[in-house]
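**Student:**
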Amino acid sequence: MKRETILVIGANGQIGTALLPQLQNRYGVNNVVAADLRKPLTDQGLFEVLDATKPDALTDVIRRHRVTQIYHLAAILSAKGESDPLWAWNLNMQTVLNVLEVARLHNIKKIFVPSSIAAFGEHAPKYDTPQTAFLDPATVYGISKVAAENWSLYYHKRYGLDVRSLRYPGVISYQSMPGGGTTDYAVAIFHEAVQGHSFDCFLAEDTLLPMIYMDDALRATLELMEAPESKISVRTSYNLAGMSFTPAELTASIQAYFPNFVTHYKPDFRQGIADSWPKTIDDSVARTDWGWQPAFDLPRMTKEMIANLTTVYQ
Ligand code: NAD
Ligand code: AKB
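Residue numbers (the working numbering): 5 to 318.
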């Protein structure tokens, strides 16, 4: 088999932190290059300080390491993006366009550019949101995701670039804290619960949102990236579902382990973002094309999160 060298941009983030060890296991530690704005606190293998808004710096890393695949994870997420919309737009778009263009110029074999449920807005059905629903997102983050999906399709059709993508739901993990999204509450709640604290939730108790456990999100990513090209019919981004739950349902699930755990509901501006998103996702195209099947439901995810975070806080 020909040797692959994988570049992960935005590797210090929530998904990169968990994805990196899996890529290192698959391809070898010396064939995975992590890149981000700053060095991580702990050494995790090959690392490059990289600002992906700078095409020359990106080109330099790709040339020096003879990169063959790119996972582009750098982005400003939904809630953080609303604090400075033009900054978020510029960063999200410049990095995606640099990755696509540099990948084209350097014959990169495969590129992963994730999208989000944030691509959907007011005119998409809220339940079982279909793959081809209308996309009129309410946040600058969502607008940048829709644009990135269309640019990915364009680079595939015009230049034959093998760009692949998933519309991740809110990703729940114990490995690191999320980076400024609307679904972050579903991670923060576990950290408070295992420490014996109550939790102030920034969403209302009945806010139903699509979520996915990190193990499922990573398996979906690797299954998509390893699927034969003939199986990939969607070049914008695949709908992906794990589970859907409300803050009240998540609280009840945690109370099975910590009966005295309490959540106080204090909705803020993120409620409006959550209300603009789907509640459940139809991911049947991913299931049909490359066999996607989630493994984690709410009880299983809760059990794993509490077991792993209990070890962290011991
Ligand atoms: P994150 O915010 O945790 O991490 C993003 C990383 O990108 C950070 O480490 C940051 O330092 C880095 N970064 C920012 N600007 C950069 C630049 N100019 N150059 C290089 N690195 C830069 O994000 P995440 O949760 O890991 O998400 C990864 C991808 O998945 C993003 O595209 C995000 O939109 C998408 N996504 C995530 C979720 C989720 O719930 N985590 C859901 C849907 C989609
Ligand atoms: C966010 O809440 O912004 C992210 C996402 C669903 O894209 N977690």
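Just so you know, even glycine gets a beta-carbon here, dropped at the ideal spot from N, CA and C.
For Tyr217 and Val175, what's the separation of their Cα atoms in angstroms?
**Tutor:** If you number the sequence shown from 1, residue 217 lands on position 213. If you number the sequence shown from 1, residue 175 lands on position 171. Straight-line Cα distance between these residues: approximately 6 Å.
**Student:** Do Gly276 and ligand 2 come close, with the Cβ less than 7 Å from some heavy atom?
**Tutor:** Here residue 276 corresponds to residue number 272 of the sequence shown, with the count starting at 1. Answer for Gly276: no, Cβ out of range of ligand 2.
**Student:** Could you check whether the Cβ of Tyr145 sits closer than 7 Å to any heavy atom belonging to ligand 2?
**Tutor:** Within the sequence shown, residue 145 is the residue found at index 141, counting from 1. Yes, the Cβ of Tyr145 comes within 7 Å of a heavy atom of ligand 2.
**Student:** Kindly indicate which three-state DSSP category Phe273 falls into: helix, strand or coil?
**Tutor:** Indexing the sequence shown from 1 puts residue 273 at position 269. Of the three classes helix, strand and coil, the one that applies to Phe273 here is coil, per DSSP.
**Student:** Applying the criterion that 16 or more other CB atoms from any shown protein chain within 10 Å of the CB defines a buried residue, is Met5 buried or exposed?
**Tutor:** Along the sequence shown, read from residue 1 onward, the residue named residue 5 stands at position 1. Low confidence applies here, because Met5 scores a pLDDT of 46, under 50, leaving its location unreliable; read the following figure in that light. The residue is exposed, with fewer than 16 neighbouring Cβ atoms inside 10 Å.
**Student:** Is Gly174 close to ligand 2? I mean its beta-carbon at under 7 Å from any heavy atom of the ligand.
**Tutor:** Position 170 of the sequence shown, counted from the first residue, corresponds to residue 174. Checking every heavy atom of ligand 2 against the Cβ of Gly174, one is found closer than 7 Å.
**Student:** For ligand 1, any of its heavy atoms closer than 7 Å to the Cβ of Ile193?
**Tutor:** Position 189 of the sequence shown, counting from 1, holds the residue named residue 193. Outside the cutoff, so no.
**Student:** Considering just the uninterrupted stretch of the alpha helix (DSSP H) at Met218, what are its terminal residues?
**Tutor:** Residue 218 sits at position 214 when you count from the first residue of the sequence shown. Segment 218-230, the alpha helix (DSSP H) holding Met218.
**Student:** What first and last residue would you give for the alpha helix (DSSP H) that runs through Arg291?
**Tutor:** Numbered from 1 along the sequence shown, position 287 holds the residue referred to as residue 291. Segment 288-294, the alpha helix (DSSP H) holding Arg291.
**Student:** I believe Ala278 touches Leu207 by the beta-carbon criterion, under 8 Å. Please report the beta-carbon distance rounded to the nearest angstrom.
**Tutor:** Position 274 of the sequence shown, counting from 1, holds the residue named residue 278. Position 203 of the sequence shown, counting from 1, holds the residue named residue 207. 5 Å between Cβ atoms; contact.
**Student:** Got a sec? Which residues, its chain only, sit under 7 Å from Leu95 by beta carbon, not counting five neighbours each side?
**Tutor:** Looking up residue 95 in the sequence shown gives position 91. So the qualifying residues of the chain are Thr57, Ile80.
**Student:** Can you list, in chain order, the stretches of the beta strand (DSSP E) that have 3 or more residues and sit fully within the region 76-150?
**Tutor:** 114-116, all fully within the region 76-150.
**Student:** Which residue's Cα is closest to the Cα of Thr63: Asp47, Glu196, Ala39, Thr284?
**Tutor:** Indexing the sequence shown from 1 puts residue 63 at position 59. Nearest option by C-alpha distance: Ala39.
**Student:** Got a sec: does ligand 1 put a non-hydrogen atom nearer than 7 Å to the Cβ of Asn94?
**Tutor:** Here residue 94 corresponds to residue number 90 of the sequence shown, with the count starting at 1. Result no, Cβ not under 7 Å from ligand 1.
**Student:** Is there contact between the region 253-268 and the region 217-230, where contact requires at least three CB pairs shorter than 8 Å?
**Tutor:** The answer is no - the region 217-230 does not touch the region 253-268, with fewer than three Cβ pairs under 8 Å.
**Student:** For ligand 1, is there a heavy atom less than 7 Å away from the beta-carbon of Asn243?
**Tutor:** Counted from its first residue, the sequence shown places residue 243 at position 239. Incorrect: Asn243 has no Cβ contact closer than 7 Å to ligand 1.
**Student:** If I follow the unbroken alpha helix (DSSP H) through Asp60, where does it start and stop?
**Tutor:** Against the sequence shown, residue 60 aligns to sequence position 56. Looking at the DSSP string, the run of the alpha helix (DSSP H) that includes Asp60 is 59-69.
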